[in-house]
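Chemist:
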Amino acid sequence: MRKLKPSPNEPVGELKRVLIRECGEALVDFREACPGLLLTSPVFGYQRATLVRATVAEMLNRALRFLPKGYRLGIIEGWRPIYVQRRMYLTSRMRFQNLHPEWNEATLTRTTNRFTHPPGAAAPPPHSSGGAVDVMLVDGNGERLDHHTPYAPFDRRSFPSYAKGLSETARRHRAILSEALLAAGMTNYPSEYWHWSYGDQGWAYRGPDQAAEIPKDEFLRSHEWKPYAIYGPIVAPPGWTPCAEDDIDEPLERLWAGGEGSGFPTKGQSETGS
Numbered sequence: 001m002r003k004l005k006p007s008p009n010e011p012v013g014e015l016k017r018v019l020i021r022e023c024g025e026a027l028v029d030f031r032e033a034c035p036g037l038l039l040t041s042p043v044f045g046y047q048r049a050t051l052v053r054a055t056v057a058e059m060l061n062r063a064l065r066f067l068p069k070g071y072r073l074g075i076i077e078g079w080r081p082i083y084v085q086r087r088m089y090l091t092s093r094m095r096f097q098n099l100h101p102e103w104n105e106a107t108l109t110r111t112t113n114r115f116t117h118p119p120g121a122a123a124p125p126p127h128s129s130g131g132a133v134d135v136m137l138v139d140g141n142g143e144r145l146d147h148h149t150p151y152a153p154f155d156r157r158s159f160p161s162y163a164k165g166l167s168e169t170a171r172r173h174r175a176i177l178s179e180a181l182l183a184a185g186m187t188n189y190p191s192e193y194w195h196w197s198y199g200d201q202g203w204a205y206r207g208p209d210q211a212a213e214i215p216k217d218e219f220l221r222s223h224e225w226k227p228y229a230i231y232g233p234i235v236a237p238p239g240w241t242p243c244a245e246d247d248i249d250e251p252l253e254r255l256w257a258g259g260e261g262s263g264f265p266t267k268g269q270s271e272t273g274s
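Everything in the sequence shown is counted per the UniProt record's numbering, starting at 1 for the first residue and increasing by one.
The following block contains the structure:
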């Protein structure tokens, strides 16, 4: 068991030390497995796969049951193909290189890794495992609720789960989201309030402390934390066809443009992240 407190940034170098013991669990379509989920708009313009590991689908259904009346769970993304992650990483790297041509290779790589997870095998991107999801609270009409004021929706200062200066409404919505997902069996990547996972390296790295005060029912006892990941990178099931326009080496347009709506810092803004 890890002795040191995990970093909220979950550095790639530390995630690489987390062993993966792939359990072989299948991906399922969350549109069928979790009919109560609402599909919300993705940030970037690539074809989205509606897939997660089977146990993650169970946990999302549990989370729905734990939400107070009037709240729904909106999912942005689950499993993400490696080729999309590769494009995200290359785009981030190119943009940082344009912003800071004076940076050496080590600084460029380190900063890019903080912003976008590299598509490496030793520490595979969490979404490529099918164990990670991006979720938010929505109302009964499917409209996203406030998780970020007084910041703009894509201001990186609002990204950490316990960001400073949030409004009472934003804090309340994050707390409702957190309580439901922790009770369901998932844990949160602290640098992104919307990113939750089970079974991947991030989940193993975080340890059991996030859910320490959650009463354990039979389901949670059978899915307790382990000091190793049970999900590694997984390919899509037979019958799933990737979009040919996505499997290229061109920048993702919205991320490349930067500015409002991209979540990407401009020159002079904070350039730390995940």
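Idealized CB from N, CA, C, for every residue including glycine.
What residue does the beta strand (DSSP E) around ILE176 start on, and which one ends it?
Modeler: Counting from 1 along the sequence shown, the entry for residue 176 is found at position 176. Note, ILE176: premise wrong, no beta strand (DSSP E); alpha helix (DSSP H) at 168-184.
Chemist: Can you find the residues in the same chain that come closer than 8 Å, C-beta to C-beta, to ALA54, ignoring five residues on each side of it along the sequence?
Modeler: Sequence index remark: in the sequence shown, residue 54 carries index 54 (1-based). Same-chain partners within the cutoff: GLU25, ALA26, LEU27, VAL28, ALA33.
Chemist: Using the C-alpha atoms, what's the distance from ARG144 back to PRO150?
Modeler: Position 150 of the sequence shown, counted from the start, is the residue given in the question as residue 150. Position 144 of the sequence shown, counted from the start, is the residue given in the question as residue 144. Those two C-alpha atoms are separated by around 16 Å.
Chemist: Could you tell me the boundaries of the beta strand (DSSP E) in which SER197 lies?
Modeler: Translated into the one-based positions of the sequence shown, residue 197 becomes position 197. Unbroken beta strand (DSSP E) run through SER197: 195-197.
Chemist: Check each candidate in PRO124, PHE219, MET94 and name the one with the smallest Cα separation from TYR83.
Modeler: In the sequence shown, counting from the first residue as 1, residue 83 sits at position 83. Looking at the Cα atoms, PRO124 is the closest of the given residues.
Chemist: Please classify LEU37: does DSSP put it in a helix, a strand, or coil?
Modeler: As a first step, residue 37 is located in the sequence shown; it is residue number 37 there, counting from the start. Coil at LEU37, not helix or strand.
Chemist: In whole angstroms, what is the alpha-carbon distance linking PRO101 and ILE234?
Modeler: By one-based count along the sequence shown, residue 101 stands at place 101. By one-based count along the sequence shown, residue 234 stands at place 234. Approximately 36 Å between the Cα atoms of the pair.
Chemist: Could you tell me which residues DSSP puts in a beta bridge with GLY74?
Modeler: Along the sequence shown, one-based indexing puts residue 74 at 74. According to DSSP, GLY74 bridges with LEU38, MET136.
Chemist: Quick one: residues in its chain with C-beta nearer than 7 Å to the C-beta of MET59, no 5 flanking neighbours on either side, listed in chain order?
Modeler: As a working note, residue 59 is residue 59 in the sequence shown. Here the set comprises ALA184, GLY185, MET186, TYR198.
Chemist: What residue range is occupied by the uninterrupted alpha helix (DSSP H) comprising ARG206?
Modeler: Reading the sequence shown from its first residue, position 206 is the one you call residue 206. Element bounds for ARG206: 201-206.
Chemist: With DSSP collapsed to three states, give me the class of ARG157.
Modeler: On the sequence shown, residue 157 is found 157 positions in, with the first residue counted as 1. Three-state DSSP puts ARG157 in a helix.
Chemist: Can you round the beta-carbon distance between TRP196 and MET136 to whole angstroms, since I take them to be within the 8 Å contact cut?
Modeler: Reading the sequence shown from its first residue, position 196 is the one you call residue 196. Reading the sequence shown from its first residue, position 136 is the one you call residue 136. Wrong, their Cβ atoms sit about 10 Å apart, outside the cutoff.
Chemist: Quick check: what's the CA-CA separation for GLY202 versus THR50?
Modeler: Against the sequence shown, residue 202 aligns to sequence position 202. Against the sequence shown, residue 50 aligns to sequence position 50. Rounded to whole angstroms, GLY202 to THR50 spans 21 Å at the Cα level.
Chemist: By the 10 Å Cβ neighbour count, where 16 or more other Cβ atoms means buried, how is TYR205 classified, buried or exposed?
Modeler: For the purposes of this step, residue 205 is taken as residue 205 along the sequence shown, with counting starting at 1. Buried.
Chemist: Taking only the alpha-carbon atoms, compute the straight-line gap between HIS148 and PHE159 and give it to the nearest angstrom.
Modeler: For the purposes of this step, residue 148 is identified with residue 148 of the sequence shown, where counting begins at 1. For the purposes of this step, residue 159 is identified with residue 159 of the sequence shown, where counting begins at 1. In a straight line, the C-alpha of HIS148 is about 8 Å away from that of PHE159.
Chemist: For SER129, is the beta carbon positioned less than 8 Å from some heavy atom of the ligand GTP?
Modeler: Among the components modelled here there is no ligand, and therefore nothing to report on the ligand GTP.
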